[in-house]
Amino acid sequence: MDEESARKLLDEGATFILLDIPVGSELGIDCNVYRIGEKFRGIKMIPRGLHFIYYSVVSNSDHKSLAPRTGFFHVFEAREMLVKKWHAFNEDISDEEVSEEEKYRFECNLRGTLDQFLAPYPLDNHRKWVGLTDYITESVLNALNPKCGKIKSVTELIPQQYSSSHQSDNELSSMRLSPSLSTNPEDLLPQMKANPESAIRFAEIPKQRHPLGATPSEITKHNIDSSFILQQLMSQNPDRLYILGELQFAFVSFLVGQVFDAFERWKLLLQIMCKSDEAIAKHTDIYINFIRVLYFQLEEAPSDLFVDIVDKDNVLTRNLYEFFSNIELREAIDENLRKRAQKFKRYLTNKFKWDFDTEPEDEAPVVV
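The opening residue of the sequence shown carries number 1 in the working numbering; numbering runs sequentially from there.
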């Protein structure tokens, strides 16, 4: 970064301050991770826009191992100062707002002694972060963000409630009495369930794969072509590019948020989009940007991730094979989209040595 850019970012960049988090803990923003030392107070020179802040507190016992990662999205404005405090008892960032007086004191001290305790945002990494998140709009955040406002890598469990309007008094009595009558120690433990407040709010994938009243041949067609499912997903939101925002949200939640369920969602959306033959020709603009989204995602995916998604279930190469085939075999296709797909295919072949010219074994016709 040149001196002029650094000076401009120092003046217009946002600041994140985190107070009282234990030394040795981990704090990250976007694709950048810091190990907290004695003098660390936060991050400065943050470019305006969407960012993902995450943290893992160090263990009190061995002072080495880290707790599962938790994070949250935040849209920073120019010169914004976001101040958070660590809640030692809850081992999490406190939900309580810092007073305006305390916040003003930090702002006044930003160019003074506080500056030396703030790590600068690595601007060289900002372009790739924008490439990973530029379709995550406010509507995408509002729709997908957990109600609690935090992305948690481990499913949060809460006690299962006994009371229900659908249960009789006899059933409730049985549930209360049965643990004490059991000889299994595990039956004495409270029944737990996933906390819906902390779950990413992905919409349910439509179960209807074909239009009502479809003929047998049409049903067969829709079982191969996922365009009908994709169209239903797209109709759930007025933003035509929402599907790309969800694809990015799922990938980032897995890549830096370490949420495995988000990775499963990403694979499912990838499969639907790659197998939507008719939609590829109909929604040219979406698929041109889809290629761009995938490019940035595969650039940032850790190399060992491909061992899982390629060697084990082959989901990525199999779906991309179908995607490229759908474009190549269609005569009525936008020429710009065709060229982008060909270029992307060459890039993947050169970088990862993936073969898209040989039909996958599970797609080849079976000889009987």
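The beta carbon of each residue, even a glycine, is placed where N, CA and C say it ideally should be.
These numbers come from a predicted model, not from an experiment.
Fill in: Runs of alpha helix (DSSP H) lying entirely within the segment 116-149, each at least 4 residues, in chain order
126-133 and 138-144
Worksheet item: Does the pairing of the segment 46-57 with the segment 251-269 give three or more beta-carbon distances under 8 Å?
Response: yes
Discussion item. Just to confirm my understanding: we take E4, look at its own chain, exclude 5 residues before and 5 after, and list those with CB closer than 7 Å. What are they?
Written reply: Here the question's residue 4 lines up with position 4 in the sequence shown. Result list for E4: empty, nothing under 7 Å.
Discussion item. Could you compute how far the alpha carbon of L241 sits from the alpha carbon of Y135?
Written reply: Translated into positions along the sequence shown, residue 241 becomes position 241. Translated into positions along the sequence shown, residue 135 becomes position 135. Each residue's alpha carbon lies about 7 Å from the other.
Discussion item. Between the alpha carbons of V23 and E38, how many angstroms are there, rounded?
Written reply: Here residue 23 corresponds to residue number 23 of the sequence shown, with the count starting at 1. Here residue 38 corresponds to residue number 38 of the sequence shown, with the count starting at 1. So the two alpha carbons sit approximately 6 Å from each other.
Item to complete: Using the Cα positions of T137 and P238, report the straight-line distance between them to the nearest angstrom.
Response: Taking the first residue of the sequence shown as 1, we reach residue 137 at position 137. Taking the first residue of the sequence shown as 1, we reach residue 238 at position 238. Approximately 13 Å between the Cα atoms of the pair.
Worksheet item: Excluding the five sequence neighbours on either side, which residues of its own chain have a C-beta within less than 7 Å of the C-beta of R265, listed in chain order?
Response: Taking the first residue of the sequence shown as position 1, residue 265 is located at position 265. Within the same chain, R265 has close Cβ partners F202 and A250.
Item to complete: Quick one: give me the first and last residue of the alpha helix (DSSP H) that E26 is part of.
Response: As a working note, residue 26 is residue 26 in the sequence shown. Per DSSP, E26 belongs to no alpha helix (DSSP H); it is in the beta strand (DSSP E), E26 to I29.
Discussion item. Distance check for L320 and F290, CA to CA, integer angstroms please.
Written reply: Here the question's residue 290 lines up with position 290 in the sequence shown. Here the question's residue 320 lines up with position 320 in the sequence shown. Spanning the two alpha carbons is a distance of roughly 12 Å.
Practice prompt. Report the residue from N32, K207, D62 and G149 whose alpha carbon sits nearest the alpha carbon of N195.
Written response: Position 195 of the sequence shown, counted from the first residue, corresponds to residue 195. Here the closest residue by C-alpha is G149.
Item to complete: Check whether the Cβ atoms of P211 and Q232 lie closer than 7 Å to each other.
Response: Residue mapping note: residue 211 aligns to position 211 of the sequence shown, counting from 1. Residue mapping note: residue 232 aligns to position 232 of the sequence shown, counting from 1. The answer is no: Cβ separation not under 7 Å.
Worksheet item: Roughly how many whole angstroms lie between the Cα atoms of E246 and S61?
Response: The residue given as residue 246 occupies position 246 in the sequence shown. The residue given as residue 61 occupies position 61 in the sequence shown. Going from the Cα of E246 to the Cα of S61 covers about 39 Å.
Discussion item. What would DSSP say about I200, mapped onto helix, strand or coil?
Written reply: Your numbering for residue 200 matches position 200 in the sequence shown. Note: I200 maps to coil in three-state DSSP.
Worksheet entry | Rounded C-alpha distance that separates I200 from I36 | As a working mapping, residue 200 is identified with position 200 in the sequence shown. As a working mapping, residue 36 is identified with position 36 in the sequence shown. Looking at the two C-alpha atoms, the distance is approximately 28 Å.
Worksheet entry | Per DSSP, cross-strand counterpart(s) of L19 | As a first step, residue 19 must be located in the sequence shown, where it is residue number 19. K85, per the DSSP bridge assignment.
Item to complete: Determine contact between the segment 350-362 and the segment 316-330, defined as no fewer than three beta-carbon pairs at a distance below 8 Å.
Response: yes
Worksheet entry | Proximity to M81 [Cα-Cα], best of F72, E91, P68 and K103 | Start at 1 with the first residue of the sequence shown, and residue 81 comes out as number 81. Nearest of F72, E91, P68 and K103 to M81, Cα basis: K103.
Item to complete: Using the Cα positions of Y34 and L337, report the straight-line distance between them to the nearest angstrom.
Response: Here residue 34 refers to the residue found at position 34 when the sequence shown is read from its first residue. Here residue 337 refers to the residue found at position 337 when the sequence shown is read from its first residue. Their Cα atoms are separated by approximately 40 Å.
Worksheet item: Cα-Cα, which of A281, L294, P360 and G28 is closest to D334?
Response: In the sequence shown, residue 334 corresponds to position 334, counting from 1. With distances taken between Cα atoms, D334 lies closest to A281.
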